[in-house]
Each structure stands twice: as structure tokens, then as C-alpha cells.
Amino acid sequence: MAKYKLEYIWLDGYKPVQNLRGKTQIKEFASFPKLEELPLWGFDGSSTQQAPGGSSDCVLKPVAVYPDSTRKNGVLVMCEVYNADGTPHISNSRATILDDADTWFGFEQEYFLYQDGRPLGFPEGGYPAPQGPYYCGAGYKNVGDIARQIVEEHLDLCLEAGINHEGINAEVASGQWEFQIFGKGSKKAADDVWMARYLLVRLCEKYGIDVEFHCKPIRGVYNTPLDWNGSGMHSNFSTKFMREVGGKEYFEKLMAAFAKNMSEHVAVYGPDNHFRLTGLHETQSIDKFTWGIADRGSSIRVPHAFVKNGYKGYLEDRRPNSAANPYDVASRILKTIAEVPAK
Ligand code: ADP
Ligand code: MN
Ligand code: MN
Ligand code: MN
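Its first residue numbered 20, the sequence shown is counted upward by one per residue in the working numbering.
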């Protein structure tokens, strides 16, 4: 038997963006614990905006488990939050989202690394050289001396945790980066995104750096737009039907359903998205729905390969932002897809 350190991680009740919380309990197991072996646990919901003080107990139910390579016998346990009566807590959207193992999601998580209240590379009280060289850039003047170390360490942590991490790149703004997570099914893909976010946030502690997930952190006075990109969480998706059958007629019906549900999508695509979806900086305006082949100024980008393969493959919804909840994004996409008969 060995003593394992189980980090139970959950989403709190803050609005409009939920924060990740975690606490450790020690339990003995003969070997690395399986999900079924992990007990329910609880926490004080009055400290996380999930319960009133007079009746503060919330329940943590393990739903996914990952090795934590930063700790001896470390285990990362993704949890859902339940009320004492066994019903899902209102903050727990995972419990009720649509899921389908044959629908695949690829999330591109963009974020800024912040120190002393500004992005890495930004001088105090001013701006660095304009955007241009930072995207996929190399060299101290473009990426500094610490960001790459963090990004590389984070990549290794994710891979060691078994997260389906697919890649990384420096982004368009100074101090801005991206990682990509792929998963089959909305719960699997989104669990991996949340766990990767957790690992990044926790890793940055020792560097005195914070992760800024806001979708447009760099704005001028009175929110005037500046020439600095925002952060998205482009959501790539493909159903079995889209991958194997597809076709132009189906695609056009699908896009009509996305157009019809524009507001319902934007409602779960992350707060403050009007600062980001302006029609500039590789975005479409928040009040327009368009699709375009290889067009990064559209709401949905259709890859060249999709058209070449007879309208088969995956599509990229570019509207979800960096602070969006991937459970809700994936579920909304599935809901709209379900409105279109696949035949
Ligand atoms: P770009 O920056 O050009 O938009 P990325 O390479 O950053 O593209 O991201 C592409 C994303 O598409 C990845 O997250 C990848 O996992 C995802 N993806 C690739 N194929 C599929 C598919 N069949 N279904 C869903 N997502 C996919
Ligand atoms: Mn990308
Ligand atoms: Mn990107
Ligand atoms: Mn993209």
C-alpha cells in the first residue's frame, strides 16, 4: 500500500467566470487509484459562492483522474459539485451537458502570462513593439526569457497527466500563448481543458506569474480598442456524420442552424466577448454570423481540406473566448447540430 495525495479539483460558483479550486486528501491504495475507487468528498460552499453559511456543505464527486507528476504519488481528481440532496449544484453544468463520444472537439486555448499587472514583455506604463514578430516567434526580444520555460514545463505536465495535448505556439500579442487540446466527446475534451488550465495556473505560482484568461485584457481608456489581439478558445468540432458522410447540402443546413442560433451560442462563448469579436484581429463582429473557407475573419472557418474532401471533416468555430467554459461550448455546438437531420 502507498499513500496517495489526491488533489480534488472543482469549479467554484463565481460569475461570470468560474475559478478552479483544489484541496488535497491522503488515502492509501495498492496502486494508482481508479476513478471508481475514489470516494466522494466535501467542502465549504460558503467560501466559494456555492452555498449559504448556514448550510454550507457541498459534495465533490470524482469524474476524471490524472497522474500528477509534480508530486510523489500525486493524483489530480476532476470533480463535479453536488448539493447535499444528491442533485447537481447549479454551478455544475458538466452534469447536464450533451455528450457524444463520436463528436470530437479540438480546443485552442489562448491566454496571456501576466506579471505586475501587465503582460510579459510590456514595459511599465507603456507598450512594447507593435504586433507582428510575436506570433510563433523566437528570440529574447519577442518572447523574453521565462515564457517558453513555463510553456514547455506545462506541456510536459499535461503529457505526463495523460491529457490529450496537441501542441503549443506563441501568439500574436506579446506575452500571449496558445495550447491545443483534442478529445472525443464533450466531457473528455473539456475535462482535459480544465485540467490543463489548472496545471498552468498552478505551475505559474512559482514564477510569480498569473494566467490572464480574459478575452481582451489590453484595452485603452474607456475601453477604446487598441491594436492588440484578444484571446480565443477556437472550438474545432466534427461529428461522425461530418467526418464520414458530410456533403455540401448538409453543410449548408448546418450553417443555417448556426446562424439561427447565433445568440444562443454567443451567450455561452465567454463574457466580454464584444470587446474581442469586433471584426478586426481575425474575428467576425459579435452580431454577425458568417462562415468562410480558410477565412479567419468569419465566425466559422471552413478548412480548405473540408471542401476538397466533399464537405467532410471538421469546422472551426472561432467565437468562443479564452474564458469560456468548454463544457457549455461543446454542449451548445451539439445542441445546434442535433437540430439538423443527418441523412
Ligand atoms: P489554427 O491555429 O490554424 O486554427 P490549430 O492547429 O491551433 O489550428 O488547431 C486545430 C485544432 O483542430 C486542434 O485542436 C485539433 O485537435 C483540432 N482538430 C483536428 N482534427 C479534428 C477533427 N476531426 N475534429 C475536431 N477537431 C479536430
Ligand atoms: Mn491555433
Ligand atoms: Mn491562436
Ligand atoms: Mn484556430
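Positions of the beta carbon are idealized from the N, C-alpha and C atoms, including for glycine.
In three-state DSSP terms, what is residue i?
i: Gly64; result: helix
i: Pro360; result: coil
i: Trp196; result: strand
i: Val321; result: strand
i: Gly156; result: coil
i: Asn188; result: strand
i: Gly72; result: helix
i: Ala148; result: coil
i: Arg315; result: coil
i: Ala120; result: coil
i: Met97; result: strand
i: Val84; result: strand
i: Tyr137; result: According to the sequence shown, residue 137 is Arg rather than Tyr. Note: Arg137 maps to strand in three-state DSSP.
i: Phe51; result: coil
i: Leu25; result: strand
i: Phe260; result: helix
i: Pro345; result: helix
i: Leu59; result: coil
i: Val287; result: coil
i: Val162; result: helix
With residue i as the anchor, note down where its beta strand (DSSP E) starts and where it stops.
i: Ser254; result: Met252 to Ser257
i: Phe232; result: Here Phe232 belongs to no beta strand (DSSP E), and DSSP marks it neither H nor E.
i: Arg337; result: That residue, Arg337, is in no beta strand (DSSP E); it is neither H nor E in DSSP.
i: Arg238; result: Premise fails: Arg238 is in no beta strand (DSSP E) and is neither H nor E.
i: Arg40; result: Leu39 to Phe48
i: Phe131; result: Trp123 to Gln134
i: Tyr368; result: The chain is shown from 20 up to 362; residue 368 falls before or after that span and cannot be answered.
Please indicate yes or no: does the CB of residue i lie closer than 7 Å to some heavy atom of ligand 2?
i: Glu99; result: no
i: Glu127; result: yes
i: His323; result: no
Please report the straight-line C-alpha distance between residue i and residue j, rounded to a whole angstrom.
i: Pro138; j: Val162; result: 11 Å
i: Ile352; j: Ala208; result: 13 Å
i: Phe124; j: Lys203; result: 6 Å
i: Gln128; j: Val321; result: 19 Å
i: Arg394; j: Gly298; result: Summary: the structure shown does not reach residue 394, with the chain confined to residues 20 through 362, and so no result is reported for it.
i: Leu176; j: Ile200; result: 13 Å
i: Met132; j: Asp314; result: Here the sequence assigns Leu to residue 132, which means Met is not the residue at that position. Taking the straight line joining both Cα atoms gives about 28 Å.
i: Ile319; j: Lys307; result: 11 Å
i: Lys364; j: His284; result: No answer is possible for residue 364: the residues shown for the chain start at 20 and end at 362.
i: Ala120; j: Ser205; result: 7 Å
i: Gln134; j: Met274; result: 41 Å
i: Ala349; j: Val287; result: 10 Å
i: Asp229; j: Cys223; result: 6 Å
i: Val94; j: Glu179; result: 11 Å
i: His293; j: Arg338; result: 10 Å
i: Gly311; j: Ser317; result: 6 Å
i: Met261; j: Asp291; result: 31 Å
i: Tyr277; j: Gln150; result: The question names Tyr, yet the displayed sequence has Phe at residue 277. Near 32 Å, if we compare the C-alpha coordinates of Gln150 and Phe277.
i: Lys22; j: Gly251; result: 40 Å
i: Lys42; j: Asp87; result: 14 Å
i: Phe198; j: Tyr153; result: 15 Å
i: Gly249; j: Ala343; result: 13 Å
i: Ile356; j: Arg295; result: 25 Å
i: Glu231; j: Pro345; result: 17 Å
i: Gln37; j: Asp31; result: 5 Å
i: Ala361; j: Ala324; result: 21 Å
Starting from residue i, follow the alpha helix (DSSP H) in both directions and report where the run begins and ends.
i: Tyr269; result: Lys267 to Lys279
i: Met214; result: Ser205 to Cys223
i: Ala166; result: Ala166 to Ala180
i: His293; result: Asn292 to Arg295
Heavy atom of ligand 1 less than 7 Å from the Cβ of residue i, yes or no?
i: Glu333; result: Residue 333 is actually Tyr in this sequence, not Glu. The answer is yes for Tyr333.
i: Phe256; result: yes
i: Gly186; result: yes
i: Trp310; result: no
i: Phe201; result: yes
i: Arg262; result: yes
For ligand 3, is there any heavy atom lying closer than 7 Å to the beta carbon of residue i?
i: Glu55; result: no
i: Glu171; result: no
i: Glu268; result: no
i: Glu190; result: yes
i: Glu197; result: yes
I'd like to confirm something about residue i: is its beta-carbon nearer than 7 Å to some heavy atom of ligand 4, or not?
i: His300; result: no
i: His253; result: yes
Please tell me whether residue i has its Cβ less than 8 Å away from any Cβ of chain C.
i: Tyr226; result: The chain labelled as chain C is not found in the depicted structure, where only one protein chain is given.
Any heavy atom of ligand 6 within a distance shorter than 7 Å of the CB on residue i?
i: Trp123; result: For the structure depicted, ligand 6 is absent and the ligand set comprises only ligand 1, ligand 2, ligand 3 and ligand 4.
| request: Spell out a yes or no on whether the region 181-194 and the region 235-251 are touching, meaning 3 or more CB-CB pairs, one atom from each, closer than 8 Å. | output: yes
| query | Between the region 111-119 and the region 84-103, do three or more beta carbon pairs fall short of 8 Å? | reply | yes
| task | Determine, using beta-carbon pairs with one atom in the region 253-269 and one in the region 317-337, whether at least three such pairs fall under 8 Å. | result | Short answer: they touch.
| request: Could you tell me whether the region 75-82 touches the region 45-59, where touching means 3 or more Cβ pairs closer than 8 Å? | output: yes
| Does the region 260-276 come within contact of the region 138-153, defined as at least 3 CB pairs closer than 8 Å? | no
| request: Check whether the region 210-222 touches the region 294-313, counting contact only when three or more Cβ pairs, one atom from each stretch, lie closer than 8 Å. | output: no
| query | Are at least three pairs of beta-carbons, each pair with one atom in the region 60-75 and one in the region 149-168, less than 8 Å apart? | reply | no
| message | Using a Cβ distance threshold of 8 Å, determine whether the region 43-52 contacts the region 62-69, with at least three qualifying pairs required. | response | The region 43-52 makes no contact with the region 62-69: fewer than 3 CB pairs, one atom from each, lie closer than 8 Å.
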